[in-house]
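Undergrad: In terms of our numbering, the sequence shown opens at residue 7 and continues consecutively.
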Amino acid sequence: MAYVKEILPVLMSGAMISLKLFALTLILSLPLGLPICLGEQSKIAPVRWICKTFVFIFRGTPLMLQLFFFYFFFPIQLGIRMDAFPTAVLTFAINYAAYFAEIYRGGFNSIDKGQYEAAYSLGFTQRQTLTKVVIPQMFRIVIPPISNEVITLIKDTALASTITLAEMMKVSQGIVNRDG
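#1: Is the CB-CB distance between residue 94 and residue 38 below 9 Å?
#2: Let me know the alpha helix (DSSP H) ranges lying completely inside the stretch 41–103, each 4 residues or longer, listed in chain order.
#3: Between the beta-carbon of residue 110 and the beta-carbon of residue 148, is there less than 9 Å?
#4: So, helix, strand or coil for residue 188, using DSSP?
#5: Give me the Cα-Cα distance between residue 58 and residue 46, rounded to the nearest whole angstrom.
#6: Residue 28: which of 64, 81, 49 and 92 sits nearest, CA to CA?
#7: Take the Cβ of residue 137 as the centre, count every other Cβ of all protein chains shown within 10 Å, and call the residue buried at 16 or more, exposed below.
#8: Within 10 Å of its beta-carbon, does residue 101 have 16 or more other beta-carbons around it, so buried, or fewer, so exposed?
#9: Under three-state DSSP, which class holds residue 162?
#10: Secondary structure at residue 128, three-state DSSP: helix, strand or coil?
#11: Between 77, 127 and 97, which lies nearest to residue 89 when the distance is taken from Cα to Cα?
#12: Check the C-beta distance from residue 106 over to residue 152 and give it rounded, since I have them as a contact under 8 Å.
#13: Indicate the three-state DSSP secondary structure (helix, strand or coil) for residue 23 in the structure shown.
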């Protein structure tokens, strides 16, 4: 029991870092995914191309590679050095925003075209159609896949240890290595 009392504060500090990383990633990536999704469906070709390329790159490369890029390579090229935690938050937020953008896109595509036509026949503008008709229905549809991504995010926070962030798994490994 004394051993548990000894290691519990260390484990809790690691758990708090994991929890902060998880919360900040969700706070940043969930809203960021929506404008990226809208950009992917834009009629303006350069905006659509930029958003689709962004999603393609960040969904198509491993999160660990992105962490290494932002923590090791990016500072060398731009001369901007960030600590491990802000780098992890930035990388996770960008990565998950790309995934959420695709989830939102699937939600938008699942809305029947008749909903758009009905809104236009009632005199709604394009913005009103999105905010009052489409987005509320879309969010109901995307809750299950977003829940899946949130579960994946919980597991992915352990990857932050690869850039020296002492989150829960890194702290646990340190205790095991120290105490055997």
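For each residue, glycine too, the CB sits at the ideal point set by N, CA and C.
Keep in mind the model is a prediction, meaning the values are calculated, not measured.
TA: With the structure as the only source:
#1: no
#2: 51–66, 69–74 and 80–84
#3: yes
#4: Because the chain in this structure spans residues 7 to 186, residue 188 falls outside the shown range and cannot be described.
#5: 6 Å
#6: 92
#7: exposed
#8: buried
#9: helix
#10: coil
#11: 77
#12: 7 Å
#13: helix
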